[in-house]
Each structure stands twice: as structure tokens, then as C-alpha cells.
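Numbering (UniProt numbering), first residue to last: 1 to 172.
Here it is in C-alpha cells:
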């Protein structure tokens, strides 16, 4: 993305869900470097849901591992609440998941739950900006089928290292 195409974050409201105070401050500092003016913070599921219910959040950034994991709550629970609970005022908002676990299993689980972008820690300011810009510029498609509301998973996942890689490339 060229400099003249940079997204202006100054009027976008962010919610950062990060249980670690220092890490939360680091994310806030990066957002401020990107000219973000409106930043709410939450350290747990309940606080995040309360902020989200106010309806002023445009983009949520959440850590996967919350301190409440021992209570059965993590960042995926917040994503699920936003995408599936009738009380969420902005079910289509971009959601960025942050975690130190960047294995394919985690990325796929986050994608299937409704995460817009995935940021692996540690990250750079430019890498973080790229993920945020992508979440805004290329929103995910969602479907409602019965009680399910979430990402459109009708396209099956291909093993791009396998024999289907050439077949798919030839088909395009």
C-alpha cells in the first residue's frame, strides 16, 4: 500500500483486549503511532463485552490467551460473542487476534471463529499496520445459516503444498 493510500485511523474507535497491562500499553502505543485517537481497553471477557455493548467500537484487537483461561474464557470467546450473540451491536466489525501461537492450527481456528486478521507476536509497527489496514480494506464474508452466523466456510481449505496446488493454479 503506497503512502498516499494509507488509511486514516484517527476517527476509528478501537477496543484492545489484553490481560497483561504492559502488553496492553505497548499495543496502545503502537495504535497512537498510527494516529488512533479513540482506544478503549479491557483485560477480561466481561469488561470487553460491557465495552462492546456500548456500541462505540469500530475495530477490536484481542489477545488469544486471557487471564481467565483457567475459567474457560479466552479471546476466541469474545470473538464468538461478537459474531454470534444477539446482544452484539456490531457483529460485522473487523477483529484482529494477537497471539504468540502462530501455528497453522491457531490461525485456522481463529479464521473459522470469525477473526478478520491474525497478528503473531512479536510484531513490527508496519506489520501491525498492514494487518489493521487489511481488516478494513478486505472485510470477511459472513453467512447466516440457521443458528450459525460466522465466516463463510463453504470453500474448503486446500493443502497448497500438495498436488492440488498445480491443478488450482492451472484453473485460474
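We treat Cβ as the ideally placed atom computed from N, Cα and C, and that holds for glycine. In this text the structure is predicted, and so the values were computed from the model without any measurement.
Three-state secondary structure (DSSP) of residue i
i: residue 53; result: helix
i: residue 9; result: coil
i: residue 18; result: coil
i: residue 163; result: Below a pLDDT of 50, predicted positions are generally treated as unreliable, and residue 163, at 49, falls in that range; no measurement from the model is reported.
Residue i classed as buried or exposed, judged by whether at least 16 other C-beta atoms fall within 10 angstroms
i: residue 122; result: exposed
i: residue 83; result: buried
i: residue 104; result: exposed
i: residue 98; result: buried
i: residue 143; result: exposed
i: residue 138; result: exposed
i: residue 89; result: exposed
i: residue 100; result: exposed
i: residue 18; result: buried
i: residue 117; result: buried
i: residue 168; result: For residue 168, the pLDDT reaches just 43, beneath the cut-off of 50, and the residue's location in the model is therefore unreliable, although a value from the coordinates is still provided. The residue is exposed, with fewer than 16 neighbouring Cβ atoms inside 10 Å.
Endpoints, beta strand (DSSP E) assigned at residue i
i: residue 92; result: Premise fails: residue 92 is in no beta strand (DSSP E) and is neither H nor E.
i: residue 41; result: 38-42
i: residue 140; result: Segment: none, residue 140 is in no beta strand (DSSP E) and carries neither H nor E.
Limits of the unbroken alpha helix (DSSP H) element including residue i
i: residue 22; result: 21-33
i: residue 79; result: 75-84
Whole-Å CB distance - residue i paired with residue j, under 8 Å assumed
i: residue 125; j: residue 33; result: 6 Å
i: residue 57; j: residue 22; result: Wrong, their Cβ atoms sit about 23 Å apart, outside the cutoff.
i: residue 135; j: residue 96; result: 6 Å
i: residue 61; j: residue 27; result: 6 Å
i: residue 55; j: residue 64; result: The pair is not a contact, with the Cβ atoms about 25 Å apart (cut-off 8 Å).
i: residue 133; j: residue 39; result: About 17 Å separates the two Cβ atoms, so there is no contact after all.
i: residue 10; j: residue 29; result: Not quite, the Cβ-Cβ distance comes to about 16 Å (not below 8 Å), so this is no contact.
- Secondary structure, beta strand (DSSP E): runs of 3+ residues fully inside the stretch 104-132: Counting whole runs of 3 or more residues, the stretch 104-132 contains the beta strand (DSSP E) stretches 117-120.
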